[in-house]
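Enquirer: Quick one: the structure is below, and I'll ask about it shortly.
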Amino acid sequence: MIALRPEQQAFFDPKPSAEHHAAPRLFLGLRVFPSGKNHRPVGSSDFLPHHHPERIRNGEWWRIMAGQETAVQANGSRQAIRFTRNGVPCEVAEFHPRTTLLDYLREQMRALGTKEGCGEGDCGACTVALGRMRDGRLVYEPVNACILLLGQIDGADLVTVEDLAQGGALHPVQEAMVAHHGSQCGFCTPGIVMSLFVLHEEGPRPLDKAMIDDALAGNLCRCTGYRPIRDAARAASAEPSATAFSASRTDRAAALSALDDGGDVFIGDDATFFAAPANLASLEALCAAHPDATLLAGSTDVGLWLTKSLREIEKIIWLGRVSELAALEEGEAGLAIGAMVSHARAHPALARLDPDLGELMRRFGSAQVRASGTVGGNIANGSPIGDLAPAMIAWGAKLHLRSAQGTRAMPVEDYFIDYGKQDRRPGEFVWKVALPPLPRDHAFRCLKVSKRFDEDISAVMGAFRIACDGRRVSAARIAYGGMAATPRRAGAAEAALIGADLDDPATWQAARAALAENYTPMDDHRASAAYRARVAQNLLIKALHEIAGEGSAQTRIIDNRAAGAQAAE
Ligand SMILES: Cc1cc2nc3c(=O)[nH]c(=O)nc-3n(C[C@H](O)[C@H](O)[C@H](O)COP(=O)(O)OP(=O)(O)OC[C@H]3O[C@@H](n4cnc5c(N)ncnc54)[C@H](O)[C@@H]3O)c2cc1C
Ligand code: FES
Ligand code: FES
45 MIALRPEQQA FFDPKPSAEH HAAPRLFLGL RVFPSGKNHR PVGSSDFLPH HHPERIRNGE
105 WWRIMAGQET AVQANGSRQA IRFTRNGVPC EVAEFHPRTT LLDYLREQMR ALGTKEGCGE
165 GDCGACTVAL GRMRDGRLVY EPVNACILLL GQIDGADLVT VEDLAQGGAL HPVQEAMVAH
225 HGSQCGFCTP GIVMSLFVLH EEGPRPLDKA MIDDALAGNL CRCTGYRPIR DAARAASAEP
285 SATAFSASRT DRAAALSALD DGGDVFIGDD ATFFAAPANL ASLEALCAAH PDATLLAGST
345 DVGLWLTKSL REIEKIIWLG RVSELAALEE GEAGLAIGAM VSHARAHPAL ARLDPDLGEL
405 MRRFGSAQVR ASGTVGGNIA NGSPIGDLAP AMIAWGAKLH LRSAQGTRAM PVEDYFIDYG
465 KQDRRPGEFV WKVALPPLPR DHAFRCLKVS KRFDEDISAV MGAFRIACDG RRVSAARIAY
525 GGMAATPRRA GAAEAALIGA DLDDPATWQA ARAALAENYT PMDDHRASAA YRARVAQNLL
585 IKALHEIAGE GSAQTRIIDN RAAGAQAAE
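Here is the structure:
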């Protein structure tokens, strides 16, 4: 076995560190449960070796479930979240709705291996793995604990860096990080190990550079440099994927399934609560009773309101247990994406519709952000620089909303009224977005320009749907993000493009110039107004060159799409 340096030991050591021995602090309002049975971790005698049974019995940080003692309200709602920590069933009651998973891990569970760097989902130092049952299979994904709320781990298996080494043996990715000198100061190391752990346990084989880079795009390392980290990832993937961890999957899945009671969760009182309704009817009723509550999907926007804007949100309704919102339907009628479908899940379906939608999703945030962030959250948030809205507007997608009063649908563009103002009535929530199939004589392009290629929000995002009659443009839908207070169509440019000849770029110039009538772009730290205006023009011309049939090797540095003018076929 590889010897660890003392500073590496701190990150990989499965034994309690000196910090773990510090006197436990009782979380305000954390219910201390009577001692349960001395539960053995599921499926292995040495899971969770640092969770000393005495501490667990004392109920200091969380409760190991030992029966059916969960408090239930008169209306039948469960008053605690239930999850498994490294396979061990646990529950937590009476926490403040704004508690982040990272704060809970570090301050209550004393799992100090998980670090806080940026506190806003950018650096990955806080990466942990969450496993959830999906179509009967337990799937692990990396998430940013700094912006995920504690209540969101209900129904999940939580795995942190402390949980990886088992029986004194490091996980293969930890071994490889040591062997390949993948850590210097080590601050990023737990997060990087967790991202590589998920890649190792869930990823395909063999791993290529692009897969490793995608997995690490949300993990910032300032001092080691990525070459040794990539080497470690590649070396670990050469090992068989069967690990002690993978051997325990069946037991973990069984433990999670046993927790699934299908009931509503409500923790707190009418003034301050974290609620997680279990179905559409419960959600509608709760939204009607509390139209002022903040709806929470993946928390990749809301989390920052708490950690950076310090907003004092008191009522949170998490949508993550409403299975009807997580439906993904692909068929002849097109693609319907439930509001709670994560970007990671939507990615393959969108890529099947159009390669540019696939590439947009690949570049959306990081693996951690795509695992938590949802399609519904991205649109509902109404950000002028959100990536999906312009793409959905140009595509011609419809947004479906729902409330106790019924359902309604609208073209996505109609949802955005003004900056921070959307057409969402009190008690209403986004249900799904539906993309119709694209007729064969329509071509689609969407192009994102950001300062950093990965893990960055757009400066400008342009989306184009062009129909042709022969080589003449017969219809156009053009939408941009980053060009106005809301994602918005370019009506003047669309009109100016009608009749343009795909073989004569001079006929495209009227549309290019008309963009100035449509937009007065923002001037901010991401880009100047002049830059945005120029980029928007260039993206239109680039899209037209591609649709006209020029090979995209001339218009893109990577990820060329097949040359050809669908619109002109
Ligand atoms: C590091 C990082 C990178 C990012 N990169 C990108 C990027 O590349 N492109 C991009 O567009 N965005 C990016 N984002 C922003 C964010 O990830 C997305 O907007 C994401 O889709 C938000 O979804 P969510 O599920 O996390 O929403 P949440 O944060 O949970 O909610 C966002 C808003 O939507 C509301 N809401 C959520 N669901 C519903 C619903 N069903 N009905 C009504 N209201 C609802 C919430 O109340 C809230 O107002 C990034 C964020 C971070 C932290
Ligand atoms: S602390 Fe930086 S992503 Fe969470
Ligand atoms: S090892 Fe120092 S930041 Fe990565």
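Each residue of the sequence shown is one higher than the last, beginning at 45 in the working numbering. Every residue, glycine too, gets a C-beta built ideally from N, C-alpha and C. Computed from a predicted structure; not experimentally measured.
What residue does the alpha helix (DSSP H) around W349 start on, and which one ends it?
Expert: By one-based count along the sequence shown, residue 349 stands at place 305. Its alpha helix (DSSP H) spans residues V346 to T351.
Enquirer: Is I236 helix, strand or coil by DSSP?
Expert: For the purposes of this step, residue 236 is taken as the residue at position 192 of the sequence shown. In the structure shown, I236 sits in a helix (DSSP, three-state: H, G or I).
Enquirer: Find the nearest neighbour of V675 within the set R468, P250, E594 and E206, judged by alpha-carbon distance.
Expert: There is simply no residue 675 to check, as the chain begins at 45 and stops at 613 in what is shown.
Enquirer: Please find out if some non-hydrogen atom of ligand 1 comes closer than 7 Å to the beta-carbon of V346.
Expert: Position 302 of the sequence shown, counting from 1, holds the residue named residue 346. Under cutoff, so the answer is yes.
Enquirer: Verify the contact flag: S227, CB atom, against every heavy atom of ligand 3, threshold strictly below 7 Å.
Expert: As a position in the sequence shown, residue 227 is number 183, starting the count at 1. Yes, Cβ of S227 sits closer than 7 Å to a heavy atom of ligand 3.
Enquirer: When DSSP builds the beta bridges, which residues end up paired with H444?
Expert: The count along the sequence shown starts at 1 and reaches residue 444 at position 400. In DSSP, H444 forms a bridge with A453 and K476.
Enquirer: Among D257, I311 and S290, which one has its Cα closest to the Cα of T143?
Expert: Position 99 of the sequence shown, counted from the start, is the residue given in the question as residue 143. Here the closest residue by C-alpha is I311.
Enquirer: Go ahead and pull the three-state DSSP assignment for I510.
Expert: The count along the sequence shown starts at 1 and reaches residue 510 at position 466. Of the three classes helix, strand and coil, the one that applies to I510 here is strand, per DSSP.
Enquirer: Got a sec, what are the start and stop residues for the alpha helix (DSSP H) N188 sits in?
Expert: Within the sequence shown, residue 188 is the residue found at index 144, counting from 1. No alpha helix (DSSP H) contains N188, which is instead part of the beta strand (DSSP E) from R181 to N188.
Enquirer: So within the segment 335–389, which uninterrupted beta strand (DSSP E) runs reach at least 3 residues, ignoring any that extend past its ends?
Expert: The qualifying runs are 338–340, 359–362, 372–375 and 378–382.
Enquirer: Considering only the alpha carbon of each residue, which of R122, A433 and A388 lies closest to R178?
Expert: Here the question's residue 178 lines up with position 134 in the sequence shown. Taking only the C-alpha atoms, the option nearest R178 is A388.
Enquirer: My output table needs one value for H569: the three-state DSSP class, helix, strand or coil.
Expert: Taking the first residue of the sequence shown as 1, we reach residue 569 at position 525. Three-state result, H569: coil.
Enquirer: Give the DSSP-derived three-state secondary structure of F289 in the structure shown.
Expert: For the purposes of this step, residue 289 is identified with residue 245 of the sequence shown, where counting begins at 1. Three-state DSSP puts F289 in a helix.
Enquirer: Any residues whose CB sits closer than 6 Å to a heavy atom of ligand 2? List them in chain order?
Expert: Going by the Cβ distance cut-off, the answer is E160, G161, C162, G163, G165, D166, C167, G168, A169, C170, N188 and C190.
Enquirer: Compute the distance between the beta-carbons of K359 and T316, then report whether it is under 8 Å.
Expert: Mapped onto the sequence shown, residue 359 falls at position 315. Mapped onto the sequence shown, residue 316 falls at position 272. In this structure, T316 lies closer than 8 Å to K359 by Cβ.
Enquirer: Nearest-angstrom Cα distance between C134 and D308?
Expert: Counting from one through the sequence shown, the residue named residue 134 turns up at place 90. Counting from one through the sequence shown, the residue named residue 308 turns up at place 264. Roughly 17 Å between the two C-alpha positions.
Enquirer: Along the alpha helix (DSSP H) that carries V136, what are the first and last residues, could you check?
Expert: In the sequence shown, the residue the question calls residue 136 occupies position 92. Here V136 belongs to no alpha helix (DSSP H); instead the beta strand (DSSP E) covers V132 to A137.
Enquirer: Is the beta carbon of M221 less than 8 Å from the beta carbon of V237?
Expert: Taking the first residue of the sequence shown as 1, we reach residue 221 at position 177. Taking the first residue of the sequence shown as 1, we reach residue 237 at position 193. Contact flag set, yes.
Enquirer: Along the alpha helix (DSSP H) that carries K253, what are the first and last residues, could you check?
Expert: Within the sequence shown, the letter at position 209 stands for residue 253. K253 -> alpha helix (DSSP H) spans K253 to L260.
Enquirer: Inspect the beta-carbon positions of T564 and D462 and report whether they are closer than 8 Å.
Expert: By 1-based counting over the sequence shown, the position of residue 564 is 520. By 1-based counting over the sequence shown, the position of residue 462 is 418. No, the pair does not count as a contact, with Cβ atoms beyond the cut-off.
Enquirer: Measuring CB atoms only, is the segment 528–548 touching the segment 574–593, in the sense that at least three cross pairs come out at less than 8 Å?
Expert: Contact between the segment 528–548 and the segment 574–593 is present, because at least three Cβ pairs lie under 8 Å.
Enquirer: Output the distance between the C-alpha atoms of R122 and G180, rounded to the nearest integer angstrom.
Expert: The sequence position of residue 122 within the sequence shown is 78, counting from 1. The sequence position of residue 180 within the sequence shown is 136, counting from 1. Cα-Cα distance, rounded: 24 Å.
Enquirer: Can you give me the Cβ contacts of H225 inside the same chain, cut-off strictly under 7 Å, excluding the 5 residues immediately before and after it?
Expert: The residue you call residue 225 lines up with position 181 of the sequence shown. Taken in chain order, the residues that qualify are P272.
Enquirer: Note down, in chain order, each residue of its chain lying with its Cβ closer than 6 Å to the Cβ of M373, except the 5 sequence neighbours on either side.
Expert: By one-based count along the sequence shown, residue 373 stands at place 329. A small fix is needed here, since residue 373 is Glu in this sequence, not Met. Same-chain partners within the cutoff: A380.
Enquirer: Provide the residue span of the alpha helix (DSSP H) that contains A554, from first to last.
Expert: Within the sequence shown, the letter at position 510 stands for residue 554. From DSSP, the alpha helix (DSSP H) with A554 extends over Q553 to N562.
Enquirer: With distances taken Cα to Cα, identify the nearest neighbour of G450 among A322, Q152, N188 and W475.
Expert: Within the sequence shown, the letter at position 406 stands for residue 450. Of A322, Q152, N188 and W475, the residue nearest in Cα terms is W475.
Enquirer: Do you know how far the Cα of G269 is from the Cα of P470?
Expert: In the sequence shown, counting from the first residue as 1, residue 470 sits at position 426. In the sequence shown, counting from the first residue as 1, residue 269 sits at position 225. Approximately 49 Å between the Cα atoms of the pair.
Enquirer: Just confirm the distance between the C-beta atoms of D431 and G525, as a whole number of angstroms; I'd bet it's less than 8 Å.
Expert: Counted from its first residue, the sequence shown places residue 431 at position 387. Counted from its first residue, the sequence shown places residue 525 at position 481. Confirmed, Cβ separation roughly 7 Å.
Enquirer: Looking at C-alpha atoms only, which residue of T294, A213, K159 and G199 is the closest neighbour of G230?
Expert: For the purposes of this step, residue 230 is taken as the residue at position 186 of the sequence shown. Of the candidates T294, A213, K159 and G199, the one whose C-alpha sits nearest the C-alpha of G230 is K159.
Enquirer: Please classify L354 as buried or exposed, where buried requires at least 16 other C-beta atoms within 10 Å of its C-beta.
Expert: For the purposes of this step, residue 354 is taken as the residue at position 310 of the sequence shown. That one is exposed.
Enquirer: Just reading off the alpha helix (DSSP H) that L327 is part of, what are its end residues?
Expert: Counted from its first residue, the sequence shown places residue 327 at position 283. L324 to A333 is the extent of the alpha helix (DSSP H) around L327.
Enquirer: Identify, in the order they occur along the chain, each residue of the same chain with its Cβ nearer than 6 Å to the Cβ of V504, setting aside the five sequence neighbours on each side.
Expert: Here residue 504 refers to the residue found at position 460 when the sequence shown is read from its first residue. Contacts found: V493, G526, R576, V579 and A580.
Enquirer: Closest by CA to D258, which one among S518, R414 and Q553?
Expert: Residue 258 sits at position 214 when you count from the first residue of the sequence shown. It is R414.
Enquirer: Are the Cβ atoms of A43 and T128 separated by less than 8 Å?
Expert: This structure gives no information on residue 43, because the portion of the chain shown stretches from 45 to 613.
Enquirer: Report yes if the CB atom of A534 is closer than 8 Å to the CB atom of I522, and no otherwise.
Expert: The count along the sequence shown starts at 1 and reaches residue 534 at position 490. The count along the sequence shown starts at 1 and reaches residue 522 at position 478. Yes, they are a contact pair.
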